[in-house]
Amino acid sequence: MSAVLDQHGGHAHDHGHDHPTGWRRWLYATNHKDIGTMYLWFSFTMFLIGGVNALLLRSELFQPGLQILRPEFFNQLTTMHGLIMVFGGIMPAFVGFANWQIPMMIGASDMAFARMNNFSFWLLPAAALLLIVSYFVPGGATAAGWTLYAPLSVQMGPGMDLAIFALHIMGASSIMGAINIITTILNMRAPGMTLMKMPMFCWTWLITAYLLLAVMPVLAGAVTMVLTDRHFGTSFFNAAGGGDPVMYQHIFWFFGHPEVYIMILPAFGIISEVIPTFARKKLFGCSSMVYATASIAILSFIVWAHHMFTTGMPVTGQLFFMYATMLIAVPTGVKVFNWTATMWRGSMTFETPMLFAVGFIFVFTMGGFTGVIVALAPLDLPLHDTYYVVAHFHYVLVAGSLFALFAGTYYWIPKWTGHMYDERLGKIHFWASMITFNITFFPMHFLGLAGMPRRYADYPMQFADFNALITIGAFGFGLSQLIFLWAVIKCIRGGEKATDRVWEGSHGLEWTLPSPAPFHTFETPPVVK
Amino acid sequence: MLRTEFRHAIEALALAALGGWATAASAVADMPGGPRVNQLNLAEPVTQVAADLHWIHWFVMWVCVVIFVLVFGAMLYAIVKHRKSKGHAAAEFHESTAVEIAWTIVPFLIIVALALPATRIVVEQKDTANADLTIKATGYQWKWGYDYIKGDGEGISFLSMLSTPRDQIEDRNYPGAKERREQNPTYLMEVDHPMVVPVNKKVRVVLTANDVIHAWYIPAFGLKQDAIPGFVRDAWFRAEKVGVFRGQCAELCGKDHAFMPIVVDVRSEEDYLKWVAEQKKEMLAKAEDPGKVWAIADLEARGEKVFAANCVACHQANGKGVPGTFPALAGSKVVLGKKQGQIDTVLQGRPGTAMASFKQLSDTELAAVITYTRNAWGNKAPENIVQPADVAAERK
């Protein structure tokens, strides 16, 4: 690693006013806007690759029987769909937003560690390459599910090792990103911008960054133990050698549950920026939103074993994790109530960002309800590892995180490109996504209640109609995202000139800058009163 | 390998576009003891626990519906009335500690109301004491093994495997698979030997696994419990209806995860005891003399059956395995080498691979299957016959 850094150091000139062009602009990028752009394009690419994985496996599930995929390849697809979407799609997309927006929103000239910023981005394509190459090694990609449960993950072929290294690299990237964000927010705010005056997006990212720092090393530890169990004769997860397979799940979910909030808290931040703008009214309770976010983050560390109710914990364990999990509904409820109160008696307009934000609240809340249902330990037993859970986490992750990312993109893209996006395309994208999303994921609740387990390559005939409908919905949802791609490209290439404020109700420092935002901004910090 | 997968995917898409989507489920009847066609809710309860789960599910659902109507009613009203296009000017209010406290406390109280009945059900689910019958269920890749360890039927032991034939499942290899499975209402949820239990008796299921984690799941009993290799967990049910009830493995366990169903046959006390007597008789008849010396042809014939029941899923009927994932036995060094090496592999498994230990099979079965592999698919091992005594000698 130091060799890489040295090499970069060797080429250093006065980077502050150096504008490399061509490929050098991107490879040597130290500007937060360029790096943010790369993060966003990277995550969208991974989103499409992960989507193709999903559509392949949905094709197999279109009808009962095995038509197109062998079950072992099917398992590779479910695993890689999860890994790619979580680590390649959603997480880097939020870091992309952080890169673009946080310096502009707090009045800083750039991120605190510009070169580390470059490094944390460029680690990602390397990790993605490892993941994709793993399809082509003997035995194919890992097929142990994105949770990589031992001992199944110990059985896998070399594709598993590549996935482990990919996770190590992506973890390192996330940790560097988190350090950068924390340092930037705590040290580089414009004079007068106290923490409680800071925009909600920066607040949620600050808390998220701490979560990342706390749990990414835990994931690295878990997968490293799998690696040594696989190759170096250790028995962390092998009962015959004194280990315990369930310990893997404890460690994984100690990472995994905070990880869920890593993927949703910045989304809350985006929604909390968008709703007040289009309601033309201040966010109802700023400080209670901050406290709610912090409570969710803290609670996320004591609920992990609710993913493990079926492993067979003692009554007390079952009850503790059930109560703790149910508590999360309280701060989450506070958020939803605050957004509703912000909209109440506002002066609302419904441009695409607002549509996605309102759509987010609607669908995310449905995921929240099913979350309460599966939080109830006794009821989780029949629902665990069925399509009910698949429905639940797609309602919060796709309709939650992804819709918020869309809301954020439409909201800020005029600032990024200097052009307004095509409102008609944006609205078509919203309605197409919203409708096909529900066609895809709503019937999964029924399948899960009826007892269809997840990660199944084939299923009883009685589940056929819903599965066919889900596959049709999935293709519709996948194709709808091409509208988004088109809307973004069109906006980059031209369109109505965006004003500096862009939105009538916009508030915050980023809107005081010209559109498009110049390469270097806030070289002299603004003063916030 | 990968390219064929993608090509098949494209073909399937083309098929779908041509209107291949016939309403497959409507051609099929409800599954007795399994899911109904397009079932919308939890399975019809057969145990008290499952009935309680139904109740609490409806309770939570109604709580959610009320909250949904209140929150989204308010939001919808705002969306319709408080728009700029209707000339609505934005109000100025924000921050209210009283409101914030109210909407923290009310949800908290709702949660307490949900947690109380849930707690009672957790305690009920976990009470495995005083069982009338104890059965050990062992998860294998990819079948279940049942050992009756306490109560009537003690000593009965058998494996339970998917009985849906491959020619109903694999459209790629068997033309007409679709028509055949449409005639089969218990497609993928049927086994050769179901677990048999008496009605209205408390059955404690002790779970473990041989290789990776599996999960024993019967929707109608409201029961799911992971089976963890090297550890023992327990769960219980008291079926209140006579009938056959079906479930599936619920924890990803590799290639044939979708193909290891669970079937429980609940019989009247009388019929159950009759079944126990039959099983005992059959076991006596089947008991084999481990010292017997077999002729090679008999061993091979027996071994072919053992292979089909235990080995074929990975090593394939043609002995060629799945390249890169499961090794071939045809031409394998282990199979053609010294017999001790192969006996050890089969008895101990290969740690860190999908090759599990098969020591649960009898000496005769292992001797037969090893002999079979040494002479099948063009294999000509120098040591071409393994007797039960050879296996017994290697067992530790």
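Line order of the protein sequences matches chains A and B. Counting from -2, one number per residue, gives the positions in the first sequence under the working numbering. Counting from 3, one number per residue, gives the positions in the second sequence under the working numbering. The beta-carbon is built from N, C-alpha and C at its ideal position, and this holds for glycine as well.
Checklist entry - Which residues does DSSP pair with His416/A in a beta bridge? => result Stepping through the first sequence from its first residue, residue 416/A is reached at position 419. Partner residues in the beta bridge of His416/A, as assigned by DSSP, are Lys494/A.
Next on the checklist: Closer than 7 Å between beta carbons: that is the criterion. Which residues of the region 33 to 44 of chain B meet it against chain A?
Outcome noted: When C-beta distances to chain A are compared with 7 Å, the residues of the region 33 to 44 of chain B below that value are Met33, Gly36, Pro37, Arg38, Val39, Asn40, Gln41, Leu42, Asn43 and Leu44, in chain order.
Next on the checklist: Give me the residue from Gly154/A, Val312/A and Thr27/A with the minimum Cα distance to Ala120/B.
Outcome noted: For this step, residue 120/B is matched to residue 118 along the second sequence. Scanning Gly154/A, Val312/A and Thr27/A for the CA closest to the CA of Ala120/B turns up Val312/A.
Item to check | Val265/B, enclosing alpha helix (DSSP H) - first and last residue | outcome: Here residue 265/B is taken as the residue at index 263 of the second sequence, counted from 1. Val265/B -> not in any alpha helix (DSSP H); beta strand (DSSP E) instead, spanning Ile264 to Arg269.
Next on the checklist: Pull the bridge partners of Ser162/B from the DSSP assignment, please.
Outcome noted: Residue numbering aside, residue 162/B sits at position 160 when the second sequence is read from its first letter. Note: Ser162/B sits in a beta bridge opposite Trp146/B.
Checklist entry - Whose Cβ in chain B lies nearer than 8 Å to the Cβ of Met323/A? => result Working through the first sequence from its first residue, we reach residue 323/A at position 326. Those within 8 Å of Met323/A in chain B are Ile113, Leu116 and Ala117.
Item to check | Expected contact under 8 Å - CB spacing of Glu290/B and Thr366/B to nearest Å | outcome: Position 288 of the second sequence, counted from the first residue, corresponds to residue 290/B. Position 364 of the second sequence, counted from the first residue, corresponds to residue 366/B. Contact flag correct, Cβ pair sits at about 5 Å.
Checklist entry - Do the CB positions of Ile259/A and Thr205/A come within less than 9 Å of each other? => result Counting from one through the first sequence, the residue named residue 259/A turns up at place 262. Counting from one through the first sequence, the residue named residue 205/A turns up at place 208. Yes, the pair counts as a contact, with Cβ atoms nearer than the cut-off.
Next on the checklist: Pairs of beta-carbons, one from the region 114 to 128 of chain A and one from the region 310 to 328 of chain B, closer than 8 Å: are there three or more?
Outcome noted: Because the criterion of three Cβ pairs below 8 Å is not met, the region 114 to 128 of chain A and the region 310 to 328 of chain B do not touch.
Checklist entry - If we cut at 9 Å on Cβ distances, does Pro135/A have a partner in chain B? => result Translated into positions along the first sequence, residue 135/A becomes position 138. Yes, because at least one Cβ of chain B sits closer than 9 Å to the Cβ of Pro135/A.
Item to check | Cβ pair Gly168/A, Leu121/A closer than 9 Å | outcome: Walking along the first sequence from the start, residue 168/A turns up at place 171. Walking along the first sequence from the start, residue 121/A turns up at place 124. The beta carbons of Gly168/A and Leu121/A sit no closer together than 9 Å.
Next on the checklist: For chain A, check one thing: does any of its Cβ atoms lie closer than 9 Å to the Cβ of Glu272/B?
Outcome noted: As a working mapping, residue 272/B is identified with position 270 in the second sequence. No - not a single Cβ of chain A is within 9 Å of the one on Glu272/B.
Checklist entry - So the alpha helix (DSSP H) Pro1/B belongs to, where does it begin and stop? => result Summary: the structure shown does not reach residue 1/B, with chain B confined to residues 3 through 398, and so no result is reported for it.
Checklist entry - Cα-Cα, which of Lys382/B, Leu225/B and Phe309/B is closest to Phe360/B? => result One-based indexing of the second sequence puts residue 360/B at position 358. Of the listed residues, the one whose Cα sits closest to Phe360/B is Phe309/B.
Checklist entry - Relative to the alpha-carbon of Tyr219/B, which residue among Glu57/A, Gly448/A and Gly492/A has its alpha-carbon at the smallest distance? => result Translated into positions along the second sequence, residue 219/B becomes position 217. When C-alpha distances from Tyr219/B are compared across Glu57/A, Gly448/A and Gly492/A, the shortest belongs to Gly448/A.
Checklist entry - Which of helix, strand or coil does DSSP assign to Met185/A? => result For the purposes of this step, residue 185/A is identified with residue 188 of the first sequence, where counting begins at 1. Assigned with DSSP and collapsed to three states, Met185/A falls in coil, not helix or strand.
Item to check | Proximity test, Cβ basis, 9 Å: Asn72/A and chain B | outcome: One-based indexing of the first sequence puts residue 72/A at position 75. So yes, Asn72/A belongs to the interface.
Checklist entry - Which term fits Arg490/A, buried or exposed, when burial requires 16 or more other beta carbons within 10 angstroms of its beta carbon? => result Counting from one through the first sequence, the residue named residue 490/A turns up at place 493. It counts as exposed.
Checklist entry - Helix, strand or coil for Phe59/A per DSSP? => result Against the first sequence, residue 59/A aligns to sequence position 62. Of the three classes helix, strand and coil, the one that applies to Phe59/A here is coil, per DSSP.
Item to check | Other residues of its chain near Ile325/A: CB distance less than 7 Å, five sequence neighbours each side excluded | outcome: Here residue 325/A refers to the residue found at position 328 when the first sequence is read from its first residue. Closer than 7 Å at the Cβ level, and outside the excluded window around Ile325/A, lie Ile293, Leu296 and Val300.
Checklist entry - Going along chain A in order, which residues have a C-beta closer than 8 Å to the C-beta of Phe233/B? => result The residue labelled residue 233/B in the question sits at position 231 within the second sequence. Within chain A, the residues whose beta carbon sits less than 8 Å from that of Phe233/B are Ala236, Asp241, Pro242 and Val243, listed in sequence order.
Checklist entry - Quick one, which of Val83/A, Gly19/A, Lys279/A and Trp38/A has its alpha-carbon nearest Thr406/A's? => result For the purposes of this step, residue 406/A is taken as residue 409 along the first sequence, with counting starting at 1. Trp38/A is the residue among Val83/A, Gly19/A, Lys279/A and Trp38/A whose C-alpha sits nearest the C-alpha of Thr406/A.
Checklist entry - In this structure, does DSSP put Ala383/B in helix, strand or coil? => result Position 381 of the second sequence, counted from the start, is the residue given in the question as residue 383/B. Reduced to three states, the DSSP call for Ala383/B is coil.
Checklist entry - From this set, Leu118/B, Asn186/B, Ala229/B and Ala394/B, which residue's C-alpha is nearest Asp346/B's C-alpha? => result By 1-based counting over the second sequence, the position of residue 346/B is 344. Ranking the options by Cα distance to Asp346/B, first place goes to Ala394/B.
Checklist entry - By Cβ distance below 6 Å, which residues in the same chain neighbour Ala170/A in space, the five residues on each side in sequence not counted? => result As a first step, residue 170/A is located in the first sequence; it is residue number 173 there, counting from the start. The displayed chain sequence assigns Ser, not Ala, to residue 170/A. These residues qualify, in order along the chain: Ser117, Leu120 and Leu121.
Item to check | Nearest residue (CA-CA) to Phe71/A, options Val337/B, Lys257/B, Tyr274/B and Asn186/B | outcome: Numbered from its first residue, the first sequence carries residue 71/A at position 74. Answer by Cα proximity: Lys257/B.
Item to check | Under 8 Å by beta carbon: chain A residues contacting Leu225/B | outcome: Translated into positions along the second sequence, residue 225/B becomes position 223. Those within 8 Å of Leu225/B in chain A are Leu378 and Pro379.
Item to check | Any C-beta of chain B under 9 Å from that of Glu507/A | outcome: In the first sequence, the residue the question calls residue 507/A occupies position 510. Glu507/A does not count as touching chain B.
Next on the checklist: Quick check: the region 236 to 255 of chain B against the region 42 to 50 of chain B, are at least 3 beta-carbon pairs closer than 8 Å?
Outcome noted: Yes, they touch.
Item to check | Burial state of Glu97/B (16 or more Cβ within 10 Å) | outcome: To locate residue 97/B, count along the second sequence from 1; it is residue 95. With fewer than 16 other beta carbons inside 10 angstroms of its own, Glu97/B counts as exposed.
Checklist entry - Terminal residues of the continuous beta strand (DSSP E) containing Lys257/B? => result As a position in the second sequence, residue 257/B is number 255, starting the count at 1. Careful: Lys257/B lies outside any beta strand (DSSP E) and carries neither H nor E.
Item to check | Exposure label - Gln227/B; buried when at least 16 CB within 10 Å | outcome: For the purposes of this step, residue 227/B is taken as residue 225 along the second sequence, with counting starting at 1. With 16 or more Cβ atoms within 10 Å of its Cβ, Gln227/B is classed as buried.
Checklist entry - Could you give the uninterrupted runs of the alpha helix (DSSP H) lying entirely in the region 67 to 126 of chain B, keeping only those of 4 residues or more? => result Qualifying alpha helix (DSSP H) stretches: none in this window.
Checklist entry - What residues of chain A sit near Ala349/B, judged by a beta carbon separation below 9 Å? => result As a first step, residue 349/B is located in the second sequence; it is residue number 347 there, counting from the start. Per the sequence shown, the amino acid found at residue 349/B is Leu instead of Ala. Residues of chain A passing the Cβ test: none, with the nearest at roughly 14 Å.
Checklist entry - For Ala388/A, which of Gly445/A, Trp409/A and Asp377/A has the nearest alpha-carbon? => result Indexing the first sequence from 1 puts residue 388/A at position 391. Among Gly445/A, Trp409/A and Asp377/A, the Cα nearest to that of Ala388/A belongs to Gly445/A.
Item to check | CA-to-CA distance, Gly141/B to Asn284/B, given in whole angstroms | outcome: Locating residue 284/B in the second sequence gives position 282, counting from the first residue. Locating residue 141/B in the second sequence gives position 139, counting from the first residue. At residue 284/B the sequence reads Glu, which differs from the Asn that was named. Taking the straight line from one Cα to the other gives about 24 Å.
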